[in-house]
Amino acid sequence: MQVGDILRKKAARVATVRMNETVAIAAQLMRSSNISALVVKDVVRTEGNTAVGMFTERDVVRAIAEHGAAGVNMRVSQFISVQQLVSCTSTDTLEHVRHLMSKHHIRHVPVIDNYSLIGVISIRDIFNAFDDEATPYKLAASA
Numbered sequence: 001m002q003v004g005d006i007l008r009k010k011a012a013r014v015a016t017v018r019m020n021e022t023v024a025i026a027a028q029l030m031r032s033s034n035i036s037a038l039v040v041k042d043v044v045r046t047e048g049n050t051a052v053g054m055f056t057e058r059d060v061v062r063a064i065a066e067h068g069a070a071g072v073n074m075r076v077s078q079f080i081s082v083q084q085l086v087s088c089t090s091t092d093t094l095e096h097v098r099h100l101m102s103k104h105h106i107r108h109v110p111v112i113d114n115y116s117l118i119g120v121i122s123i124r125d126i127f128n129a130f131d132d133e134a135t136p137y138k139l140a141a142s143a
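If you count by full-length UniProt numbering, then the sequence shown holds residues 1 to 143, one letter each, in order.
This is the structure we're talking about:
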């Protein structure tokens, strides 16, 4: 199964936040969308909107744990690693993405095709896909 197979079943909207937004704004976006991660985008004059990282609930906790209440007023850019964005394409296999997540200790991977952000795949998406594939076998075994 490929990443694109999963994305076709998910909502088309990808939740993003800009690098210069505050941790508080990012937390509000995650809460209102009932999600645990946002793609961080930066405006680059030559490339338009560019995905540069992920901002997660763990980053919110880290901001507050390290800086107290002042952490919510800090910029998202202060808590993400922009050295290397870990991403995948819609044609990558779920096994490949699972390996990326394990190797980099992450739970969300942006999906980028032809330099365009088209979605995000989570570890939950992968678990559910593997469970769905195994279900016919479980039903046959229990019959």
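All C-beta atoms, glycine included, are put in the ideal place defined by N, C-alpha and C.
Nothing here was measured: the structure is a model prediction, and the numbers come from that model.
Taking C-beta to C-beta, are Ser122 and Arg107 nearer than 7 Å?
-> Cβ distance < 7 Å, so Ser122 and Arg107 count as in contact.
Can you grab the Cα-Cα spacing for the pair Val17 / Glu66, in whole Å?
-> Between Val17 and Glu66, the C-alpha separation is close to 21 Å.
Gly119 versus Gly68 - alpha carbon distance | When rounded, the distance between both Cα atoms is 32 Å.
Given that a residue counts as buried once 16 or more other Cβ atoms are within 10 Å of its Cβ, and exposed if not, what is Ile51?
-> The amino acid at residue 51 is misidentified as Ile; the sequence shows Ala. By the neighbour-count rule (16 or more Cβ atoms within 10 Å), Ala51 is buried.
If I'm right that Ser33 touches Ala15 with Cβ under 8 Å, what's the distance once you round it to whole angstroms?
-> Ala15 and Ser33 do touch by the CB rule: their CB atoms are close to 5 Å apart, below 8 Å.
Please name the residue or residues paired with Gly53 in a DSSP beta bridge.
-> The partner list for Gly53 (beta bridge, DSSP) reads Val40.
May I ask you to report which of helix, strand or coil DSSP gives Arg107?
-> Note: Arg107 maps to coil in three-state DSSP.
Closest residue to Ala27 among Asn128, Lys103 and Ala63 (Cα-Cα distance) | Comparing C-alpha distances from Ala27 to each of Asn128, Lys103 and Ala63 shows the shortest one belongs to Ala63.
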